[in-house]
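**Student:** Quick note: the sequence shown, position 173, residue 173 per the UniProt record's numbering, numbers continuous. Pasting a structure below so you can have a look.
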Amino acid sequence: MTIPPGIEDIHRAAARLSGLIVETPLIESQELNKRFGARILFKPETLQRTGSFKFRGAYNKLSSLSEEERGRGVVAFSSGNHAQGVAASAAMFGVKAVIAMPADAPAMKIGNVRKMGAEVVPFDRMSVVRPYIDKGMVLVPPFDDPAIIAGQGTIGLELMAQAKALGVSLDAVVIPCGGGGLSSGISVAVKDASPDTAVWAVEPEHFDDTRRSLAAGTRVSNEPGHSSICDAILTAEPGVITFEINRRNLAGGIAVSDKATAQAMRDAMAYLKLVVEPGGCVALAALSSGEIELSGKSVAVVLSGGNVDFGTYAEIMAAA
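Right under this line is the structure:
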């Protein structure tokens with residue numbers, strides 16, 4: 001069995017990423033603090049290289065490969081944010097990258113991947129990338145990989161250090177969740193720094209596989225036939241490695257509706273002046289769920305990405 005990454009792996013990832021990533025700040029809104037009766041600190045990975053947290057894990061993964069492995073090229077599959085992270089990292093290493101993306105992925109994300117020099121191929125099933133792997137290209141998974149998880153965990157290192165510098169002891173950290181790479185990586189760093197801080201994973205309704213898996217004590221899959229505006233975090237089931245970490249570290253999972261997510265996007269624009277994509281805003285939406293004790297607490301919220309098509313964003317803003 002693959003050994004899950006620990007805090008030492010996250011520190012090594014931080015060293016590899018030093019000088020290459022944006023150390024995204026912690027920001028807050030007095031209006032939102034007043035609304036929730038709490039001090040809410042937002043970590044806007046919307047401002048990160050490629051517009052989401054995914055660059056951290058992708059670059060750390062490519063850094064961990066040997067020269068021979070990188071020479072064979074890399075292949076990945078993604079609806080967009082992981083694709084951009086892999087494409088940008090591959091370009092920095094001068095590595096050939098093939099990215100399989102679904103036809104209905106946001107046009108902005110597909111366009112950005114191509115601009116970074118990666119080849120985009122249509123994706124509707126895992127078998128699409130198998131021929132590239134058989135040719136020797138290295139698969140860069142979207143979440144269930146120790147190096148990917150460790151790279152995402154660098155957000156937790158930054159977040160806890162920044163909160164400490166502000167004199168804030170965090171009661172909870174709330175994180176968007178798809179396959180669990182982000183929540184598991186951050187949870188390792190948070191629990192190392194502050195074992196009593198509760199860590200919550202947030203998913204869209206009907207795609208709450210991590211929430212239901214935590215409740216069941218074993219990995220469960222989502223039922224087919226549903227849709228959501230949160231394209232970046234729609235996964236069939238938790239990863240094997242990510243669930244093992246999340247099972248130990250998370251206080252629980254929360255499912256939020258598309259309606260609540262859209263309102264959170266409007267709040268992010270109105271009060272934080274940030275463009276946040278739907279999947280990147282579910283953690284903010286979870287603050288209104290009533291499932292997290294907020295009164296008088298200090299809570300960090302990760303805004304994981306901002307890559308949303310202009311048309312989609314305009315429709316959501318106009319629906320207020």
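The beta carbon of each residue, even a glycine, is placed where N, CA and C say it ideally should be.
Taking the alpha-carbon positions, what's the Gly178 to Ala198 distance?
**Tutor:** Mapped onto the sequence shown, residue 178 falls at position 178. Mapped onto the sequence shown, residue 198 falls at position 198. Their Cα atoms are separated by approximately 19 angstroms.
**Student:** Are there three or more Cβ pairs, one per stretch, closer than 8 angstroms when the region 107-122 is compared with the region 38-45?
**Tutor:** Not touching, per the Cβ criterion.
**Student:** Below 8 angstroms, can you find three or more Cβ-Cβ pairs linking the region 84-101 to the region 120-136?
**Tutor:** Segments in contact, yes.
**Student:** Applying the 10 Å Cβ sphere with the 16-neighbour rule, what's the burial state of Val240?
**Tutor:** Numbered from its first residue, the sequence shown carries residue 240 at position 240. Val240 is exposed by the Cβ-count criterion.
**Student:** Between the alpha carbons of Ala262 and Gly181, how many angstroms are there, rounded?
**Tutor:** In the sequence shown, counting from the first residue as 1, residue 262 sits at position 262. In the sequence shown, counting from the first residue as 1, residue 181 sits at position 181. Answer to the nearest angstrom: the Cα atoms are 23 angstroms apart.
**Student:** Sort out for me which residues DSSP pairs Gly305 with in a bridge.
**Tutor:** The count along the sequence shown starts at 1 and reaches residue 305 at position 305. Beta-bridge pairing links Gly305 to Ser52.
**Student:** Give every residue of the same chain whose Cβ lies closer than 7 angstroms to the Cβ of Ser18, excluding the five residues on either side of it in the sequence, and list them in chain order.
**Tutor:** Walking along the sequence shown from the start, residue 18 turns up at place 18. For Ser18, where only same-chain residues beyond five positions count, there are no Cβ hits under 7 angstroms.
**Student:** Hey, how far is the Cα of Arg35 from the Cα of Ile27?
**Tutor:** Position 35 of the sequence shown, counted from the first residue, corresponds to residue 35. Position 27 of the sequence shown, counted from the first residue, corresponds to residue 27. Rounded to whole angstroms, Arg35 to Ile27 spans 16 angstroms at the Cα level.
**Student:** Which value, in whole angstroms, describes the spacing of the CA atoms of Ile3 and Lys259?
**Tutor:** Along the sequence shown, read from residue 1 onward, the residue named residue 3 stands at position 3. Along the sequence shown, read from residue 1 onward, the residue named residue 259 stands at position 259. Going by the C-alpha atoms only, they are around 38 angstroms apart.
**Student:** Under DSSP, the beta strand (DSSP E) around Ala105 begins and ends at which residues?
**Tutor:** Position 105 of the sequence shown, counting from 1, holds the residue named residue 105. Counting along the chain, Ala105 falls outside any beta strand (DSSP E), and DSSP gives it neither H nor E.
**Student:** Grouping DSSP H, G and I as helix and E and B as strand, with all else coil, what is Ile292?
**Tutor:** To locate residue 292, count along the sequence shown from 1; it is residue 292. Looking at Ile292 - three-state DSSP - the assignment turns out to be coil, as it is neither helix nor strand.
**Student:** Grouping DSSP H, G and I as helix and E and B as strand, with all else coil, what is Leu139?
**Tutor:** Within the sequence shown, the letter at position 139 stands for residue 139. The answer is strand: DSSP assigns Leu139 an E or B state.
**Student:** Locate the alpha helix (DSSP H) running through Pro4, then write down its first and last residues.
**Tutor:** The residue given as residue 4 occupies position 4 in the sequence shown. Taken as a continuous stretch (DSSP letters only), Pro4 belongs to no alpha helix (DSSP H), as it is neither H nor E.
**Student:** Taking 8 angstroms as the cut-off, decide whether the C-beta atoms of Ile10 and Val174 are in contact.
**Tutor:** Counted from its first residue, the sequence shown places residue 10 at position 10. Counted from its first residue, the sequence shown places residue 174 at position 174. In this structure, Val174 does not lie closer than 8 angstroms to Ile10 by Cβ.
**Student:** Identify, in the order they occur along the chain, each residue of the same chain with its Cβ nearer than 8 angstroms to the Cβ of Asp209, setting aside the five sequence neighbours on each side.
**Tutor:** Start at 1 with the first residue of the sequence shown, and residue 209 comes out as number 209. The residues are Glu203, Arg219, Val220, Ser221, Asn222, Thr235, Ala236, Glu237, Pro238.
**Student:** Under the three-state reduction of DSSP, which class applies to Ser29: helix, strand or coil?
**Tutor:** Sequence index remark: in the sequence shown, residue 29 carries index 29 (1-based). In the structure shown, Ser29 sits in coil (DSSP, three-state: anything other than H, G, I, E or B).
**Student:** Between which two residues does the alpha helix (DSSP H) containing Ala90 stretch?
**Tutor:** Translated into the one-based positions of the sequence shown, residue 90 becomes position 90. Start and end: 81-93.
**Student:** Using a Cβ-Cβ cutoff of less than 6 angstroms, which residues in the same chain neighbour residue 323 once the five nearest sequence positions on both sides are dropped?
**Tutor:** A query on residue 323 cannot be resolved here, the shown segment of the chain reaching from 1 to 320 and no further.
**Student:** In this structure, does DSSP put Ala318 in helix, strand or coil?
**Tutor:** For the purposes of this step, residue 318 is taken as the residue at position 318 of the sequence shown. The answer is helix: DSSP assigns Ala318 an H, G or I state.
**Student:** Taking Cβ positions, are Val22 and Arg49 nearer each other than 8 angstroms?
**Tutor:** For the purposes of this step, residue 22 is identified with residue 22 of the sequence shown, where counting begins at 1. For the purposes of this step, residue 49 is identified with residue 49 of the sequence shown, where counting begins at 1. The answer is yes: Cβ separation under 8 angstroms.
**Student:** Please report how far the alpha carbon of Leu214 lies from the alpha carbon of Asp267, in whole angstroms.
**Tutor:** For the purposes of this step, residue 214 is taken as the residue at position 214 of the sequence shown. For the purposes of this step, residue 267 is taken as the residue at position 267 of the sequence shown. Approximately 29 angstroms between the Cα atoms of the pair.
**Student:** Using three-state DSSP, classify Ile229 as helix, strand or coil.
**Tutor:** In the sequence shown, residue 229 corresponds to position 229, counting from 1. Note: Ile229 maps to coil in three-state DSSP.
**Student:** Taking a contact to mean a Cβ-Cβ separation below 8 angstroms, would you say Ala58 touches Ser89 in this structure?
**Tutor:** Counting from one through the sequence shown, the residue named residue 58 turns up at place 58. Counting from one through the sequence shown, the residue named residue 89 turns up at place 89. Contact flag set, yes.
**Student:** I'd like the span of the alpha helix (DSSP H) that includes Glu237, first residue to last.
**Tutor:** Here residue 237 corresponds to residue number 237 of the sequence shown, with the count starting at 1. No alpha helix (DSSP H) holds Glu237; DSSP gives it neither H nor E.
**Student:** Tell me which same chain residues have a C-beta within less than 7 angstroms of the C-beta of Glu31, skipping the five on either side of it?
**Tutor:** In the sequence shown, counting from the first residue as 1, residue 31 sits at position 31. Here the set comprises Tyr271.
**Student:** Could you spell out where the alpha helix (DSSP H) holding Ile155 opens and where it closes?
**Tutor:** Along the sequence shown, one-based indexing puts residue 155 at 155. 146-165 is the span of the alpha helix (DSSP H), which, as asked, contains Ile155.
**Student:** With C-beta atoms as the reference, is Lys54 less than 8 angstroms away from Gly85?
**Tutor:** As a working note, residue 54 is residue 54 in the sequence shown. As a working note, residue 85 is residue 85 in the sequence shown. Result yes, Cβ atoms of Lys54 and Gly85 sit closer than 8 angstroms.
**Student:** Which same chain residues end up closer than 7 angstroms to Pro176 when comparing Cβ atoms and leaving out the 5 residues on each side of it in sequence?
**Tutor:** Numbered from its first residue, the sequence shown carries residue 176 at position 176. Counting only Cβ-Cβ distances below 7 angstroms, and skipping sequence neighbours, we find Leu182, Val202, Ile233, Gly279, Gly280, Val282, Ala283, Val302, Ser304.
**Student:** Could you check the C-alpha separation between Ser79 and Ala264 for me, to the nearest Å?
**Tutor:** Indexing the sequence shown from 1 puts residue 79 at position 79. Indexing the sequence shown from 1 puts residue 264 at position 264. For Ser79 and Ala264, the distance between alpha carbons rounds to 22 angstroms.
**Student:** Using a 10 Å radius around the Cβ and a threshold of 16 neighbouring Cβ atoms, would you call Asp134 buried or exposed?
**Tutor:** Mapped onto the sequence shown, residue 134 falls at position 134. Asp134 is exposed by the Cβ-count criterion.
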